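With mature numbering (1 follows the signal peptide of the UniProt record, and there is no 0) applied, the sequence shown corresponds to residues -28 to -1, 1 to 346, in that order.
Note that the Cβ used here is the ideal one computed from N, Cα and C, for glycine as well.
Small disclaimer: the values here were computed from a predicted structure and weren't measured.
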Amino acid sequence: MTKSLLHRLIAGALTLSMVLLPTLESQAAAARIKDIVDFEGIRENQLVGYGLVVGLNGTGDSLNNSPFTKQSLQSMLERLGVNTAGENVRTNNVAAVMVTANLPPFATQGSRMDVSVAALGDSDSLQGGTLLVTPLLGADGEVYAIAQGPVAINGFKAEGDAATIISGVPTTGRISSGALIEREIDFHLGSQTSLRLALRNPDLTTARRIALAVNDFIGAPTATPEDPATVRLTLPHGFNGNIVDLLTDIEQLMVETDQTAKIVIDENSGIIVMGRDVRVSSVAVAQSNLTVTIAEDPTVVQPAPLSQGVTASEANTNLNANLSETALTIVNESVTLQELVDGLNALGISPRDLIAILQAIKATGALQAEIEVL
């Protein structure tokens, strides 16, 4: 009995380990719902405005080259009771700027947010400048915030008579908490009975897994996948709370995400990024490089003594062409991304040559992945 019981315990432990192992592996690749979706209505809104930065130490716009700066300056002075009509205004301490900001979701009237400032004219630097009162408008033309304050730039510029040093971009800057919110976005999240979850990386499998995880947790058909990018969430009957309570409960659920096999290539920098599901069939690859070197080594020819000739140069070109070839290399059918990378690295080629090889393998139909070129 003791030996039989021991055998049963060992078999049960092995079975349990085999069951738990895939679970642990799936959890390692899982992510929270709040990290892979956007909730409908919880979003930022972009604002933009046009204003003037004053107090620049001679680094502002040239009024003759920036008529919009001159017109804005005269209009502002007239509103303040200073009549400059017909006068030739000369100052280089003012710069016209575009002010941008992102209105946070559910921002309340009277709260503050950061704004970014960028020069619009030929200003050299916004260092030491102060942004005057600038209304920030939304896409509907309404004013949602007012910006004002000292500008902190992202770099500096120093110059002398024969040298100039520029670090960063001195014509852009930022004002921390520089805008006061005047209008709120009318959206009542708590009164909603239905809401959509938008997947940041649309995928049918991921959408279905999100719906299953939510329904299993709530114990009712609450979530329904509508398409690869959308999961509809409906407040269940008898739920003790509103939609905010439901979102709080489900946003921490772990879901294993899925993705299509994709290779992203940046030809400018030679960067290659492969997804974990990239597969390749067995294929033979050969690659050769042709290097042509041209060097000019002119020879100076001197005239004979007392010949009344002149010194001349004779062209002498050295032209070399080297062709390096490699034999066919077998890239075996890969099961994992590591084996695929090891097979491609066995060719001993540069990333830029690898880009061309991947595209050629894709053309043969041996690469089961999508190639995206940036």
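Leu184 counts as exposed, since fewer than 16 other beta carbons sit within 10 angstroms of its beta carbon. The C-alpha of Lys6 is placed about 19 angstroms away from the C-alpha of Gln164. In the displayed model, Leu207 falls within coil according to three-state DSSP, outside both helix and strand.
Using a Cβ-Cβ distance cut-off of 8 angstroms, the region 175 to 184 and the region 210 to 221 are not in contact, since fewer than three pairs of beta carbons, one from each stretch, lie closer than that value. Nearest in C-alpha terms to Val26, of all of Ile14, Lys42, Asn17, is Lys42. If you ignore the 5 residues before and after Gln120, its C-beta comes within less than 6 angstroms of the C-beta of Leu103, Val105, all in its own chain and listed in chain order. By alpha-carbon distance to Gln99, the top candidate from Gly140, Met246, Ser44 is Gly140.
When C-beta atoms of the region 60 to 78 are compared with those of the region 14 to 26, three or more pairs fall below 8 angstroms, so the two segments count as touching. In its chain, beyond the 5 residues on either side, Pro270, Thr271, Val273 have a beta carbon closer than 7 angstroms to the beta carbon of Glu286. With distances taken between CA atoms, Gly13 lies nearest to Gly162 out of Gly162, Asn37, Val54. Leu207 is the residue among Val203, Leu207, Pro200 whose C-alpha sits nearest the C-alpha of Ile190.
Judged by pairs of C-beta atoms under 8 angstroms, the region 42 to 52 does not touch the region 110 to 119, as fewer than three such pairs exist.
About 6 angstroms separates the CB atoms of Asp94 and Ser34; that is less than 8 angstroms, so the two are in contact. When the five nearest sequence neighbours on each side are left out, the beta carbons in the same chain lying within less than 8 angstroms of the beta carbon of Glu239 are those of Arg324, Ile327, Val345, Leu346, in order along the chain. Under the DSSP definition of a beta bridge, Phe11 partners with Leu169.
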